[in-house]
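Student:
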Amino acid sequence: MKINTTLLGLTILILTSCTVIAQQSTNTVKIIGQMENVMWKGQLHGNIKLDTITNKTNLYGLGPVENLAGEILIIDGKSYKSTVANDTTMKVEETYNIKAPFFGYANISKWAEQTLPDSIQTIQQLEQYLDRITKYSPRPFMFKLSGSIEQGTVHIVNLPEGFKVSSPDEAHKGQKNYELKNDQSEIIGFFSTEHKAIFTHHDTYLHMHLITTDRQKMGHLDEVLFMKGSMKLYLPAE
Numbered sequence: 034m035k036i037n038t039t040l041l042g043l044t045i046l047i048l049t050s051c052t053v054i055a056q057q058s059t060n061t062v063k064i065i066g067q068m069e070n071v072m073w074k075g076q077l078h079g080n081i082k083l084d085t086i087t088n089k090t091n092l093y094g095l096g097p098v099e100n101l102a103g104e105i106l107i108i109d110g111k112s113y114k115s116t117v118a119n120d121t122t123m124k125v126e127e128t129y130n131i132k133a134p135f136f137g138y139a140n141i142s143k144w145a146e147q148t149l150p151d152s153i154q155t156i157q158q159l160e161q162y163l164d165r166i167t168k169y170s171p172r173p174f175m176f177k178l179s180g181s182i183e184q185g186t187v188h189i190v191n192l193p194e195g196f197k198v199s200s201p202d203e204a205h206k207g208q209k210n211y212e213l214k215n216d217q218s219e220i221i222g223f224f225s226t227e228h229k230a231i232f233t234h235h236d237t238y239l240h241m242h243l244i245t246t247d248r249q250k251m252g253h254l255d256e257v258l259f260m261k262g263s264m265k266l267y268l269p270a271e
């Protein structure tokens, strides 16, 4: 009887451990390519074709289109590409037929929801808040936000065809900025203190892409003012 009890206990322990490991593995962010290789070395070619990602269930990801010809966002298994139409409008389409020079993605099936405090309204405040509340959580991680923004700015990279890049300024040639106001939005973000110039710019721990709930606007989030009381923050459930 004692042996059976011991075996039962070991079985439960093993199953619990396997569940935890599987959850951690699922939430793990995979990063392909590096931002600095694009910005400084002009490596604009695609290092990953999105339709080769085999597990698209609960998939989230972000990055630029190869040759810096647009922005990519995957949200809950659906992949969107945004490209510049003109100075005031963009084109957003749902497709996995895209390549990216650098890209980060993760399969996240369970999220822990919280209301974003009213004191957190800007990207800088969000960065400090995430750094504070995730000190003892696995990093890097992806997160999401949903709700209304008072105003914001997104950009879409739009490098002229055939243009050579050897600096960040050159990489931004042709880039278009788009202003947002009172838009219901979803944001997918990446947080890390160890990936500057790899997957975040050199002066931030964050890389975020925003898409409006009507799926008409999407781009790399540069500035935002969150509407107080409306934003929900979702972190991967451990």
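Residue numbers (the numbering used here): 34 to 271.
Note that CB positions come from ideal geometry on N, CA and C, so glycine has one too.
Tell me, which residues are paired with L243 by DSSP?
Tutor: I220 and G252
Student: Where does E126 sit, in a helix, a strand or coil, going by DSSP?
Tutor: Looking at E126 - three-state DSSP - the assignment turns out to be strand.
Student: Rounded to a whole number of angstroms, what is the C-alpha to C-alpha distance between L149 and S263?
Tutor: When rounded, the distance between both Cα atoms is 8 Å.
Student: If you follow the alpha helix (DSSP H) that V71 is in, where does it begin and where does it stop?
Tutor: Here the alpha helix (DSSP H) through V71 covers M68 to K74.
Student: Going by alpha carbons, who is nearest to T226 out of I107, I220, M175 and E146?
Tutor: M175
Student: Please determine, among F224, H253, T167 and Q184, the residue with the shortest C-alpha to C-alpha distance to G103.
Tutor: H253
Student: State whether the stretch 94-112 contacts the stretch 63-83, with contact taken as three or more CB pairs (one from each stretch) at a distance under 8 Å.
Tutor: yes
Student: Do you know how far the Cα of N60 is from the Cα of L258?
Tutor: 28 Å
Student: Of all the beta strand (DSSP E) runs that stay within the bounds of the stretch 111-186, which reach a length of 3 or more residues?
Tutor: 111-117, 123-127, 136-140 and 144-148
Student: For S115, which residues from the same chain have a beta carbon less than 6 Å from its beta carbon, with the 5 sequence-adjacent residues on both sides left out?
Tutor: G103, E104, M123, V125, I189, M251 and G252
Student: G185 to K74, Cα distance in whole Å?
Tutor: 31 Å
Student: Leaving out the 5 sequence neighbours to the left and right, which residues in its chain are closer than 6 Å to M241 when beta-carbon positions are compared?
Tutor: I220, G222 and L254
Student: Just the C-alpha distance for M275 and L178, rounded to the nearest angstrom, thanks.
Tutor: There is no way to answer for residue 275, as the model of the chain reaches only from 34 to 271.
Student: I'd like to check one pair, A204 with M72: are the Cβ atoms closer than 7 Å?
Tutor: yes
Student: Could you give the residue range of the alpha helix (DSSP H) that holds E203?
Tutor: From DSSP, the alpha helix (DSSP H) with E203 extends over P201 to A204.
Student: Determine, using beta carbons only, whether G94 and Y138 come nearer to each other than 7 Å.
Tutor: yes
Student: Under a three-way DSSP split, which group does N215 fall into?
Tutor: strand
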